[in-house]
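Numbering (this note's numbering), first residue to last: 100 to 320.
Here you go:
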């Protein structure tokens, strides 16, 4: 088997490459924010998000003239999660995130609340495609332009298609929006959609096992 055939075979086994535009974000708010539909809109309006990293922390050890060994001492979860959202005309995305921030510190009294009162969670999924069959019904009427389908004998027909499915995911724990960035306005960009940049702090993330019970993105059937 040649190199090209091996490469194609490898891609077939892994079901292709991951696509940067195929992702899903699910927000799980702290108990102080109790309207799930607001989180769904925030998820749909997420234009960009960074997948968090993971690094091993090492300490150098050297014996006599031997080359240095870097021994792993601990691990950490690198950086913040940066996201950019489409901003609605009524700024509901900003308002929701500011409400989340107010669970951490009251903007009027300036007093901080307990950690468990403002941390939530987040799930990030890589989406792929799976083959499926879509079934249509004629409800007793012939399909327009196809005289071969009898309206009494054939009331259903099938079409091969692809559906979005979750391929890999992580659960991000103890999340909260640490920074809501400023937004700029200018007359020169009259037709540009306004965006909102947010940086989330978090503690750690763990992989999610994808199975038949959770492989479909939210809002799909």
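Ideal placement from N, C-alpha and C gives every residue a C-beta, glycine not left out.
Item: Cα-Cα separation, residue 160 to residue 172; Value: 11 Å
Item: Extent of the continuous beta strand (DSSP E) to which residue 313 belongs; Value: Neither: residue 313 is in no beta strand (DSSP E) and is coded neither H nor E.
Item: Option in 291, 208 and 301 with minimal Cα separation from residue 217; Value: 301
Item: Through-space distance from residue 126 to residue 294, alpha-carbon basis; Value: 19 Å
Item: Distance, residue 163 Cα to residue 221 Cα; Value: 48 Å
Item: Exposed unless 16 or more other CB atoms sit within 10 angstroms - verdict on residue 308; Value: exposed
Item: Segment contact, 8 Å Cβ cut-off, at least three pairs: the segment 199-214 with the segment 266-279; Value: yes
Item: Limits of the unbroken alpha helix (DSSP H) element including residue 191; Value: 191-201
Item: Segments assigned alpha helix (DSSP H), at least 4 residues, entirely inside the segment 104-182; Value: 135-143
Item: Beta-carbon proximity check, residue 123 vs residue 265, cutoff 9 Å; Value: yes
Item: Sub-9 Å separation of residue 268 and residue 128 beta-carbons; Value: no
Item: Limits of the alpha helix (DSSP H) - the one that residue 215 falls within; Value: 214-217
Item: Distance CB(residue 296)-CB(residue 225) smaller than 9 Å; Value: no
Item: Closest by C-alpha distance to residue 132, when choosing among 195, 210, 121 and 223; Value: 195
Item: Beta strand (DSSP E) segment containing residue 297, residue limits; Value: 294-300
Item: Residues that residue 304 bridges to, as DSSP identifies them; Value: 271
Item: For residue 181, the nearest candidate out of 149, 158, 166 and 228 (CA to CA); Value: 149
Item: For residue 282, the residue or residues it bridges with in DSSP; Value: Answer is none; residue 282 lacks a bridge partner.
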